[in-house]
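Asks: Handing you this structure, nothing more for now.
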Amino acid sequence: MSLLEIDDLTISLATTGAPRVLVDGVSLTVDSGQMVGLAGESGSGKTVTALTALGFVPDGATATGAVRLDGEDVLTMSKKRLREVRGTTVAMVFQDPMTSLHPMLSVETQLTEQLRVHRSLSRRAAKARAIEMLELVRIPNPSKALSAYPHHFSGGMRQRIAIAGALACEPKLLIADEVTTALDVTVQAGILGLLEQLRRELGMAVVFITHDLGVMNVTTDELYVMYSGRVAERGGTRQVLAAPRHPYTRALVDALPDAQNLGHPLVAIPGEAATPERRPAGCAFHPRCAFAEDRCRTEVPELLPIGAGRVLACHVDPFAPADGSATGVLLDGRIGS
Amino acid sequence: MFARFVLKRVGAAVLLVFGIVVVTFALTALLPGDPAAAQLGDRASGDPAIVEAYRKAHGLDQPLWTQFVLYLVHLVQGDLGTSLQSRNPVLSDLAQFGPASFELAVTATAIAVIVGVGLGILAALRANGPLDHTLRVVSLGGVSIPIFWLSLIAVFLFSTQLRLFPSSGRLNPGETPPNHITGLYVLDSVITANWATLGSSVAHLILPALVLAAPMVGLLLRFTRSSMLEVIGNDYVRSANAKGLPAGLVVRRHILRGALVPVITVLGSAFASLLAGTVLVEQIFAWPGIGSYAYRSASNLDLPAIVGVTLFVAIVFILVNFLVDILYGLIDPRIRTS
Ligand SMILES: Nc1ncnc2c1ncn2[C@@H]1O[C@H](COP(=O)(O)OP(=O)(O)O)[C@@H](O)[C@H]1O
Ligand code: SF4
Ligand SMILES: [Mg+2]
């Protein structure tokens, strides 16, 4: 049994016209201690998918399929049970630390309240634990930081505080949703390093979400690439990034800056990203895909294994290796280290 | 940090009071009509010698700024002049009528805050449900039905028809007020354990206080609801829910705290309109307060009394806004520490 098993998850919003499908048949597995990446352009459904792990479904939307956390389906959990697992089995850190921390509550309150609720700790014990957490995320002068408020800290420090809060009750699974996106590039590396270290030291599983493959490369074992609410391809992070098989992944990787074109404009993926309101029939990527064939326009490609633990949803598979090996066409080493 | 914040507000309040004093002085000094003539009455003001003596005695022959200093000195000594109609020092009139108005205004404000904010929270938590729709009508009614109408309807319904509450005064005719301690009959009855008077004073207070509270209830309800809804959509509320905190705690600690800041800022202006409402309500319910006194002074062109009431109301208003500022700072650390 895996720690998190998302099984054929579909999330749709009932509207006056056809229902808007935000997430379409996504399956995703996270084992204990594993670090899994979730990538894709903004709007591809990463956040909505990940939020279901905590039992959050957008207002007015219905979710079908199953989201099993430690074997229990969170989609059918009672409200009471949901509040029990949130923060203890699974915790989440959000994109923008400027808004995800409460501006009017002290750091102490925001770090200790979950300990008081879930662990029934005394005020003093919770405070001691909070100081421990602040040390863990390397906030200087922790006991002084406790009495401060979020606006006293920089963005990077706030994100560290948010991480400390998420980890306070030692969750088995941490969902890090674009945790570096709102931060300066110089600060990003520090947060990434911290996540890596925490995962090693605490042995927890992490779902790392980003639209930026450039930061993905550093951290995860397994990578899911999503497009328009569906998984486009999946595999070991290094293999997928070194030899992308899906034309969409390939385009994302091509859009990354490298040693040669550093400072030059990135190669953006042509065309507009599909949205739940206007999702093209067949393979949702086909209007933007240079390899599209007739059936791409009508038939949704199935996710099929392509060997070496990788799966792919593409009718054409234009980057399949000639020798039939699983890796596919290698790129010029801009990825991986 | 907080001490400095408070000190700054105190400074601002003192400055404002001074500004009001200047304005009221200008009102007396620059208004057409000779104050000497008004104070002396017809016969005496016909005699130039008496007028001259009066002007000299009251410094009216001095340059304006000397008069102003004199005015300040009198103010500091609590001398606001003598009311033309009551023939009492204005200050003692204010001391007599102030507590009645204070009792009414504070009760109305307390009702408005409890009911308005409470219903606003409910409306937000049940947004777009039947309760929310009903409360929207209540709120609209509160802010749009004129107090005058509301008073008449309340008197007709609860007093004339149902005979639940008396419709005028602070006590029944002939009833003796409780010993004067604070001047607030309800409080004084409690302090002196005078239970019969307590019942009577509460019964007399209810109708005017409810009527006075109605517009503020409407305003606070609407404001609290929209402010709550805005905060509920915030990232930090999602963070709180993601921690698995009990729903009640999320509402109390995370949502309410954010939502109350804008609500508190309207409290000040809501209180201002409530003060304006007291004039009308005190008239209708024969409530012997500052509002009635102001009304009588204005209709009799009783200038010292008008100035006294103006000063008094302005200071109360500044004080309330000062308290609102402090409350604001207590709730939002970004305000008191930056
Ligand atoms: N609460 C919501 N209600 C309705 N639609 C939503 C909601 N949250 C997200 N969506 C829609 O679902 C799609 C996927 O969004 P999201 O998961 O946030 O994408 P990502 O995290 O990959 O950028 C988007 O089209 C977005 O507009
Ligand atoms: S299925 Fe067709 S359109 Fe979709 S990515 Fe593959 S080749 Fe392109
Ligand atoms: Mg997102």
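From first to last, the protein sequence lines are chains A and B. Following this note's numbering, the numbering of the first sequence begins with 508 at its first residue and continues without gaps. Following this note's numbering, the numbering of the second sequence begins with 834 at its first residue and continues without gaps. Every residue gets a Cβ at the ideal spot worked out from N, C-alpha and C, and that includes glycine.
1) Alpha carbon to alpha carbon, what distance is there between Pro610/A and Asn648/A?
2) Considering only heavy atoms of ligand 2, list every residue whose Cβ is less than 5 Å from one of them, following chain order.
3) Give the interface partners of His1087/B over in chain A, defined as CB-CB distance under 7 Å, in chain order.
4) List the whole-angstrom C-beta distance separating Gly547/A from Val732/A, where the pair is believed to meet the contact cut-off of C-beta under 8 Å.
5) Could you name the residues that DSSP lists as bridge partners for Pro922/B?
6) Taking the alpha-carbon positions, what's the Gly840/A to Arg1167/B distance?
7) With three or more C-beta pairs closer than 8 Å as the rule, is the region 578-593 of chain A touching the region 1049-1065 of chain B?
8) For the beta strand (DSSP E) that contains Ser534/A, what are its first and last residues?
9) Once you ignore the five residues that flank Leu759/A on each side, which residues in its own chain have a CB closer than 6 Å to its CB?
10) With a cut-off of 7 Å, give the chain-ordered residues whose Cβ is closer than this to any heavy atom of ligand 3.
11) Per DSSP, Leu730/A forms a beta bridge with which residues?
12) Between the C-alpha atoms of Ala1046/B and His907/B, what's the straight-line distance to the nearest angstrom?
13) Could one say the Cβ of Gly672/A lies closer than 9 Å to chain B's Cβ atoms, at least one of them?
14) Under 9 Å between C-beta atoms, does Asp1158/B make it to chain A?
15) Which residues mark the beginning and the end of the beta strand (DSSP E) in which Ser519/A is found?
16) Counting only Cβ-Cβ distances shorter than 9 Å, please list the residues of the region 696-722 of chain A near chain B, keeping chain order.
17) Applying the 10 Å Cβ sphere with the 16-neighbour rule, what's the burial state of His1013/B?
18) Name the residues in the region 1052-1069 of chain B whose C-beta lies less than 9 Å from a C-beta of chain A; which are they?
19) What residue does the beta strand (DSSP E) around Met599/A start on, and which one ends it?
20) So what does Leu618/A bridge to, in DSSP terms?
21) Return yes when the C-beta of Pro787/A is under 8 Å from any heavy atom of ligand 1, and no when it is not.
22) Do Val738/A and Ala820/A count as a contact pair if the criterion is CB distance below 9 Å?
23) Just the chain B side, please: which residues come within less than 9 Å of Val592/A by C-beta, in chain order?
24) Run through chain B and tell me which residues come within less than 8 Å of Thr606/A, C-beta to C-beta.
25) Is Gly770/A helix, strand or coil when you go by DSSP?
26) In its own chain, which residues sit with a C-beta less than 7 Å from the C-beta of Ser1034/B, not counting the 5 before and 5 after it?
27) Among residues of its own chain, excluding the 5 on either side of Gly672/A, which ones have a beta-carbon nearer than 6 Å to its beta-carbon?
28) Could you tell me the distance, in whole angstroms, from the CA atom of Gly770/A to the CA atom of Pro764/A?
29) By how many angstroms is the C-alpha of Val971/B removed from the C-alpha of Leu1062/B?
30) Do you know offhand how far Pro777/A's Cα is from Leu1093/B's?
31) Ends of the beta strand (DSSP E) at Val713/A?
32) Does DSSP classify Pro1011/B as helix, strand or coil?
33) Using a Cβ-Cβ cut-off of 6 Å (strictly less than) and excluding sequence neighbours within five positions of Ala633/A, which residues of its own chain qualify?
34) Which chain A residues sit within Cβ distance under 8 Å of Arg1090/B?
35) Could you tell me the boundaries of the beta strand (DSSP E) in which Ala570/A lies?
36) Taking only heavy atoms of ligand 1 into account, decide whether any of them is closer than 8 Å to the Cβ of Leu529/A.
Replies: For this structure:
1) 20 Å
2) Pro754/A, Cys790/A, Phe792/A, His793/A, Cys796/A, Phe798/A, Ala799/A, Cys803/A, Pro808/A, Cys821/A, His822/A and Val823/A
3) What His1087/B touches in chain A: His609.
4) Contact between Gly547/A and Val732/A holds, since their C-beta atoms are separated by about 6 Å, short of 8 Å.
5) Thr915/B
6) Note that Gly840/A scores a pLDDT of 47, beneath 50, so its modelled location is shaky; the value from the coordinates is reported in the next line. Going from the Cα of Gly840/A to the Cα of Arg1167/B covers about 48 Å.
7) no
8) For Ser534/A, the enclosing beta strand (DSSP E) starts and ends at Arg527 to Val537.
9) For Leu759/A, the CB contacts under 6 Å within the same chain, skipping 5 residues up- and downstream, are Leu720 in chain order.
10) Ser549/A, Lys553/A, Thr554/A, Gln602/A, Asp684/A, Glu685/A and Ile716/A
11) Gly544/A and Gly742/A
12) 36 Å
13) Yes - at least one Cβ of chain B is within 9 Å of the one on Gly672/A.
14) no
15) Leu511 to Leu520
16) none
17) exposed
18) Asn1067, Asp1068 and Tyr1069
19) Val597 to Val600
20) Paired residue(s): none; Leu618/A is not in a bridge.
21) No, ligand 1 has no heavy atom inside 8 Å of this Cβ.
22) In this structure, Val738/A lies closer than 9 Å to Ala820/A by Cβ.
23) Gly1077
24) Asn1067, Asp1068 and Tyr1069
25) Caution applies to Gly770/A, whose pLDDT of 49 falls short of 50 and renders its modelled position unreliable; the model cannot decide the point.
26) Arg1003, Leu1004, Tyr1018, Val1019 and Ser1022
27) Around Gly672/A: Gln617 and Leu618.
28) Confidence is the limiting factor: at Gly770/A the pLDDT is only 49, short of 50, which leaves the residue's position unreliable and the question unanswerable from this model.
29) 18 Å
30) 47 Å
31) Ala712 to Thr717
32) Correct three-state label for Pro1011/B: coil.
33) Thr619, Leu622 and Arg623
34) His609, Met611 and Leu612
35) Ala568 to Leu576
36) yes
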